[in-house]
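Just add 1 to wherever you are in the sequence shown, counting from 1, and you've got my numbering.
All C-beta atoms in this analysis are idealised placements derived from N, C-alpha and C, irrespective of residue type, glycine included.
These notes are about the structure you will find just below.
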Amino acid sequence: MSSSVSSKVRVRFAPSPTGMFHVGGARSALFNWAIAEQTGGTFVLRIEDTDANRNRPEWTEGIISALAWIGINADSPHFEGPLMQSAQEPQHRAAVAGLLERGRAYHCACTREEVIARTGDPNRGYDGFCRDRGLTEGLVRFRTPDEGATTVDDRVRGTVEFPNAAMEDFAIARSDGSPLFILANVVDDIEMGITEVLRGDEHLSNTPKQQLLWEALGHFPPVWAHVPVIVNEKRQKLSKRRDKVALEDYKAEGYLADAMVNYLMLLGWAPSGDREIVPWAEMVGEFAVSDINSSPAFFDVKKLRAINGEYIRALSLEAFTEAAEPFLDPSWDREVWKRLAELAQTRVAVLSEVHNLADFAFLDEPVFDEQSWNKAMKEPAAELLAATEDAYRDAPWNAEELKTRLEAVGTTFGLKLGKAQAPVRVAVTGRTVGLPLFESLEVLGRDRTLARIAAARARLAS
Ligand code: GLU
2 MSSSVSSKVR
12 VRFAPSPTGM
22 FHVGGARSAL
32 FNWAIAEQTG
42 GTFVLRIEDT
52 DANRNRPEWT
62 EGIISALAWI
72 GINADSPHFE
82 GPLMQSAQEP
92 QHRAAVAGLL
102 ERGRAYHCAC
112 TREEVIARTG
122 DPNRGYDGFC
132 RDRGLTEGLV
142 RFRTPDEGAT
152 TVDDRVRGTV
162 EFPNAAMEDF
172 AIARSDGSPL
182 FILANVVDDI
192 EMGITEVLRG
202 DEHLSNTPKQ
212 QLLWEALGHF
222 PPVWAHVPVI
232 VNEKRQKLSK
242 RRDKVALEDY
252 KAEGYLADAM
262 VNYLMLLGWA
272 PSGDREIVPW
282 AEMVGEFAVS
292 DINSSPAFFD
302 VKKLRAINGE
312 YIRALSLEAF
322 TEAAEPFLDP
332 SWDREVWKRL
342 AELAQTRVAV
352 LSEVHNLADF
362 AFLDEPVFDE
372 QSWNKAMKEP
382 AAELLAATED
392 AYRDAPWNAE
402 ELKTRLEAVG
412 TTFGLKLGKA
422 QAPVRVAVTG
432 RTVGLPLFES
442 LEVLGRDRTL
452 ARIAAARARL
462 AS
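Right, dumping it as structure tokens:
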């Protein structure tokens with residue numbers, strides 16, 4: 002057997018384009034990227050586009066830009082590709098021809114119905130009927146060993162034994178000669194000198210077959226690592242129909258790339274010492290495939306939000322303002338926004354939340370939400386708003402003074418500040434939660450604040 006092309010570590014990420022970038026794929030890509038950076042090795046991006054519906058150029062672009070967003074940059078010296086699987090078809094065909102020639106594969110003309118008629122069991126695999134018929138056309142099947150077991154040494158799963166007798170003679174090429182996934186994937190990995198295959202758990206069942214192919218093609222198999230499935234809070238595998246799985250959607254909602262990377266790295270792996278917020282460079286230093294946990298990883302959106310909030314608070318005000326920009330309404334006065342940004346930075350978990358926190362300052366009238374209104378405008382809201390209007394009419398217009406005055410108003414109604422704030426907040430912003438209230442009023446200004454309180458009183462009276 003020939004050994005790999007060089008002693009350097011070569012890993013790969015081999016997505017089948019689907020038009021969106023799954024968070025599970027992002028996690029596999031990051032684990033591979035960490036290996037490449039840590040070892041001074043190479044990360045090869047291979048686009049598995051052999052399915053005719055899967056070779057839209059914009060999908061490949063989408064993959065490259067999603068990778069770049071999480072720091073896997075095509076300009077890095079560790080990055081190679083993208084290589085298109087479809088361009089490798091001559092090599093795939095040559096590999097099939099070689100296996101046929103050496104008797105490791107054979108043509109098969111059986112239909113599924115014929116196989117079932119013979120075995121009487123639709124769940125049983127192919128029965129080997131054409132093995133020694135010497136056919137020269139039809140589907141191509143790999144001749145699996147009859148006895149013994151194929152032992153996969155997996156860095157995450159440990160040693161997994163697959164009895165060969167239970168493995169059918171699986172198909173490697175269609176009757177028109179076109180290669181099937183299981184073969185193309187192996188031939189490409191061999192051609193690209195891949196030394197370690199780290200990928201999702203769903204491919205573990207392919208692995209014994211692929212290992213047999215590596216050997217039949219004259220190569221030592223790579224180091225295997227199958228990373229655990231990602232599940233939702235109901236312990237169901239994340240699915241695009243049920244769960245938010247597209248990396249692009251998280252970006253659009255205002256997750257920061259660094260926070261996303263940090264969180265994805267925690268899905269099945271943990272840095273030392275109970276830490277959760279860990280910069281990428283430190284993760285790379287510590288990452289070890291052998292420390293990856295084999296049990297399902299829970300995609301905990303609450304934890305992701307908390308981590309994102311921490312990353313948001315760690316930004317400079319300038320960086321925060323810039324990051325929040327895509328989530329603002331184009332019509333908003335940026336000078337006013339600047340005064341609110343500092344307040345918003347302390348409150349948001351995701352950047353898209355800034356819109357609803359800040360809109361009160363830019364709308365002619367605050368939004369109206371019946372639920373919030375009913376919740377806040379309970380007795381003695383009307384009287385309290387009237388007293389606040391009086392107290393604010395000639396107040397020096399700064400947050401501290403506005404707070405002191407509302408506190409005093411609240412006391413006359415036997416209300417603590419928190420309770421006294423609620424009707425004022427809804428009258429002025431339309432919402433029950435928002436930015437620190439008195440700073441918000443300071444930005445909004447006396448005239449607009451008083452007008453909104455008066456409007457709320459009028460609505461309560463009617
Ligand atoms: N193209 C396969 C997929 O997206 C990946 C195969 C592999 O990583 O070996 O599931």
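Distance check between Phe130 and each of Thr137, Pro123, Ala110, Asp147 places Ala110 closest, using alpha-carbon atoms only. For Asn186, the shortest C-beta to heavy atom distance toward ligand 1 is below 7 angstroms.
Counting other Cβ atoms within 10 Å of its Cβ, Asp177 stays below 16 and is therefore classed as exposed.
For Trp338, the uninterrupted alpha helix (DSSP H) segment begins and ends at 335 to 346. With a cut-off of 7 angstroms, the C-beta of Val24 is classified as distant from ligand 1, since no heavy atom of the ligand falls inside that distance.
For Trp60, the CB contacts under 7 angstroms within the same chain, skipping 5 residues up- and downstream, are Pro18, Gly20 in chain order. Annotated three-state conformation of Thr43 is strand, per DSSP. Proximity to Ala30 across Ala459, Ile183, Met266, Leu385 peaks at Met266, based on C-alpha coordinates. The C-alpha of Ile65 is placed about 25 angstroms away from the C-alpha of His93.
With contacts defined by Cβ atoms closer than 8 angstroms, Leu248 and Leu214 do not form a contacting pair. Between the beta-carbon of Leu407 and that of Ala421 there is about 6 angstroms, and that keeps the pair under the 8 angstroms contact cut. In the structure shown, Asp391 falls within a helical segment according to DSSP collapsed to helix, strand and coil.
Asp155 is bridged by DSSP to Gly159, Trp225.
If you ignore the 5 residues before and after Phe328, its C-beta comes within less than 7 angstroms of the C-beta of Gly255, Leu352, Ser353, Val355, His356, all in its own chain and listed in chain order. For Arg57, the shortest separation between its Cβ and any heavy atom of ligand 1 does not lie below 7 angstroms.
When DSSP reads this structure, Glu366 sits in no beta bridge, so it has no partner. Here the alpha carbon of Ala392 sits roughly 12 angstroms from the alpha carbon of Ile454.
In the same chain as Glu169, and ignoring 5 residues on each side of it, the C-beta atoms closer than 6 angstroms to its own belong to Gly126, Tyr127, in chain order. In the DSSP assignment, Lys238 is bridged to Val232.
Using a Cβ-Cβ distance cut-off of 8 angstroms, the stretch 294 to 311 and the stretch 222 to 239 are in contact, since at least three pairs of beta carbons, one from each stretch, lie closer than that value. Pairing Glu323 with Ile278 gives a Cβ-Cβ distance that is not under 8 angstroms. Straight across, the Cα-Cα distance linking Lys241 with Asp250 is about 11 angstroms. Going by beta carbons, Phe163 and Pro209 fall inside the 8 angstroms limit.
In terms of Cβ geometry, Phe143 and Ile191 do not form a close pair [threshold 8 angstroms]. Excluding five sequence positions before and after Val368, the CB atoms of its chain that fall closer than 6 angstroms to its own CB belong to Gly431, given in chain order.
With respect to Glu440, Ala400 sits close: the two C-beta atoms are nearer than 8 angstroms.
Shown here, Pro164 sits in a strand according to DSSP, grouped into three states.
Counted as a single uninterrupted DSSP element, the stretch harbouring Ala271 is not any beta strand (DSSP E), since DSSP gives it neither H nor E.
Across the set Glu287, Arg449, Glu390, the C-alpha of Arg449 shows the shortest separation from the C-alpha of Phe361.
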